[in-house]
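Numbers given in our numbering equal positions in the sequence shown, counted from 1, plus 96.
Heads up, the beta-carbon is just placed ideally off N, CA and C, and yes, glycines get one too.
Fair warning: this is a prediction, and the values are worked out from it, not measured in the lab.
Below: the structure, in structure tokens.
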Amino acid sequence: MATNTNKNNSRIALITSGIKGIGFEVAHQLANKGIEVLIGSRDEIKGELAAQKLASENLPVTYIQIDVTNQATIDLAVTEVANAYGRLDILINNSGIYLNEPRPNELSLDMIRQNFEVNFFGAFAITNAFLPLLRQSSSACIVNISSSLGSFQFHEKSKDHHFHCAYSASKASLNMLTLQLARDLHETKIKVNACTSDLPTMTLSNNHGHSIENAAKSIVFLATLSDDGPTARSEELGLKAVQQLQETNKDARDKVHFHQLDITNVESIRRLADHIKKNHGGLDILINNAGMAFKVNDITPFGDQAEITAQTNFFGTINVCNALFPLLRDHARVVNVSSRAGMLESVKNNEIRHNLISPNATIETVSDILSDFIKNAKQNSHQDNGYPNSAYGMSKVALTAATLIQQRFFDEKSTKDIIVNACCPGYINTDMTANKGPGTVEQGADTPVYLATLEPNAKSPRGEFVAERKILKWKC
């Protein structure tokens, strides 16, 4: 491994099996963010070639020899990273194998051990070995690359007649490790998450699936979470929230429950939809409250901020709507939590404004406009083309525009009296505002609750932008 030349200024990331496929693309995307990347591989020749390929693009990438099934190479890699950097900021456990498996009753113990040796024990060994260096980071992230095949619900619902017993069991174990480790490290500055790459086009999936570039984005998103980002998609925080509600409100004891949800993960959304359908038969109120915003002094390139923010605030929310709207019952109410930061007037391009509010506008129209904003943001030409200089603001412009379209759809296609509104809760004292907002959480919740409980056949507000229970003029 080359001697470090930027010991204090760059974040340091290690990716196991980073010489090709997703690992290589994750290395490429992280390095483009200015993060110094260590590509781990047991094959020195292939590792050096992969690192040289990225380094030829003037990217800060170095090869480090590591075999996740060989503790001696792991210990040596830890020593090299410790001597060169003194810490590790990002660990991505990407090593994995997938073997063609027979039926479970024909499965050999040796094949099961092969899967677990790499997919679970390897990740476990790497994580434990590098934990002391991760603890030296001011903000560290561990990302375990798992699979939807590690989900019990996936297999219960799947019509796939192939058998993946050993592989699925190893990934289910990795998921459990992620949750347990996140709980163990909850009081530290280390965030632990797992994600599925959802079958990108690569060797592991027999080259069937979506692009490697898109698969890598979720991994990079989790690897570069802000300090207040989630860990294990906040199961710990979710359970604590439920406990707090149940302890402070006796009526909540039988009515408030937790279900894990990551709105940037379609598999997580699908599991929630399946749970609601199976256990409740439908949905009466949907409040899309998930959102994120970069801090003002965040050094993440603006183009990346635009993409990451849109992934949660708009695209994730739309994916939730697509999954849950079929479950909405008569008189259902949908509330999209937006913001005054996303007023239409912040878009200076008349054509874009017109397209957002056109009677013919669709969700695809808004998605294309937001994608164009991201593209321009990466080229630093967004303001020249009439977009606002706010990733958060533009994501909320798109969300409010989508709200109007959703209401129009229900008015035209449904007789179920479904009402969709967007609202601004106000500048509230929460993590989102770094606890600088003057409003209380009770004040912030008032308008969403008001909209969520509109009486049957209410004429107004419908497809509006609301704040303090009043309809605001969002269009300009």
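**OP:** Could you spell out where the beta strand (DSSP E) holding leucine 423 opens and where it closes?
**Re:** Per DSSP, leucine 423 belongs to no beta strand (DSSP E) and is neither H nor E.
**OP:** Inspect the beta-carbon positions of valine 433 and asparagine 361 and report whether they are closer than 8 Å.
**Re:** no
Subject >> Same chain, Cβ closer than 6 Å to glutamine 125, five either side skipped, listed in chain order >> reply: Ala312, Val316
Subject >> Residues of its chain near asparagine 375, where Cβ-Cβ distance is below 7 Å and the 5 sequence neighbours each way are ignored >> reply: none
Original post:
If methionine 388 and threonine 405 are in contact, beta carbons under 8 Å, what's the gap, nearest whole angstrom?
Top reply: 6 Å
Original post:
From Ala419, Ile186, Ile160, pick the residue whose C-alpha is nearest to that of leucine 227; which is it?
Top reply: Ile186
Subject >> Close Cβ partners of serine 191 (< 6 Å) along its chain, the five nearest in sequence each way excluded >> reply: Thr112, Ser113, Val164, Val214, Gly218
Original post:
Helix, strand or coil: which one does DSSP assign to glutamate 213?
Top reply: helix
Original post:
Is it true that the CB of threonine 274 sits closer than 8 Å to the CB of asparagine 240?
Top reply: yes
Original post:
Going by Cα to Cα distance, which pick from His427, Ala173, Ser435 is closest to proline 544?
Top reply: Ser435
Subject >> Terminal residues of the beta strand (DSSP E) in which glutamine 580 lies >> reply: What the structure shows of the chain is the stretch from 97 to 572, and residue 580 is not part of that stretch, so it cannot be assessed.
Subject >> When Ser243, Thr536, Leu500, Cys520 are compared against threonine 526, the one with the closest alpha-carbon >> reply: Thr536
Original post:
Using the beta-carbon count (16 or more within 10 Å), is threonine 496 buried or exposed?
Top reply: buried
**OP:** Within its chain, find whatever has a CB closer than 7 Å to the CB of tryptophan 570; leave out the 5 residues flanking it on each side and keep chain order.
**Re:** Met439, Leu440, Thr496, Phe561
**OP:** Select from Ser486, His353, Gly182, Thr344 the residue whose C-alpha is nearest the C-alpha of glutamine 401.
**Re:** Ser486
Subject >> Range covered by the alpha helix (DSSP H) that runs through serine 137 >> reply: Segment 132-137 is the beta strand (DSSP E) holding serine 137; no alpha helix (DSSP H) there.
Original post:
Quick one, are the C-beta atoms of histidine 450 and aspartate 513 less than 8 Å apart?
Top reply: no
**OP:** For glutamate 564, count neighbouring C-beta atoms within 10 Å of its own C-beta (all shown protein chains included) and say buried if the count is 16 or more, exposed if not.
**Re:** exposed
Subject >> Per-residue burial, glutamine 167 [other beta carbons within 10 Å of its own, 16 or more giving buried] >> reply: exposed
**OP:** For histidine 260, count neighbouring Cβ atoms within 10 angstroms of its own Cβ and tell me buried if that reaches 16, exposed if not.
**Re:** buried
Original post:
Around the Cβ of alanine 262, are there at least 16 other Cβ atoms within 10 angstroms (buried) or fewer (exposed)?
Top reply: buried
Original post:
According to DSSP, which residues form a beta bridge with threonine 292?
Top reply: Ser242
Subject >> Any beta strand (DSSP E) of 3 or more consecutive residues that is wholly inside the region 399-484 >> reply: 424-433
Original post:
Whose C-alpha, out of Glu153, Gly130, Pro156, Ile162, is nearest the C-alpha of proline 141?
Top reply: The sequence as given places isoleucine at residue 141; proline does not occur at that position. Of Glu153, Gly130, Pro156, Ile162, the residue nearest in Cα terms is Ile162.
Original post:
With a Cβ-Cβ cutoff of 8 Å, do isoleucine 365 and asparagine 415 count as a contact?
Top reply: yes
Subject >> Secondary structure of threonine 344, DSSP reduced to three states >> reply: helix
Original post:
Taking Cβ positions, are tyrosine 523 and glycine 533 nearer each other than 8 Å?
Top reply: yes
Subject >> Residues of its chain near alanine 369, where Cβ-Cβ distance is below 7 Å and the 5 sequence neighbours each way are ignored >> reply: Ala419, Leu420, Leu423
Original post:
Per DSSP, valine 562 forms a beta bridge with which residues?
Top reply: Cys519, Ile567
**OP:** Evaluate arginine 429 with the Cβ neighbour count: other Cβ atoms within 10 Å of its Cβ, from every protein chain shown; 16 or more gives buried, anything less gives exposed.
**Re:** buried
Original post:
Given a threshold of 16 other Cβ atoms within 10 Å of its Cβ, counted over all protein chains shown, does cysteine 572 qualify as buried or as exposed?
Top reply: exposed
Subject >> Buried or exposed (CB count within 10 angstroms, at least 16 for buried), glutamate 551 >> reply: exposed
**OP:** Could you round the C-beta distance between arginine 183 and glutamine 232 to whole angstroms and report it? I think they count as a contact, below 8 Å.
**Re:** 4 Å
Original post:
Distance, Cα to Cα, isoleucine 286 vs aspartate 468?
Top reply: 34 Å
Original post:
What number of angstroms, rounded off, separates the C-alpha of glycine 130 from the C-alpha of leucine 335?
Top reply: 36 Å
Original post:
If you run the structure through DSSP and keep just helix, strand and coil, what is glycine 540?
Top reply: helix
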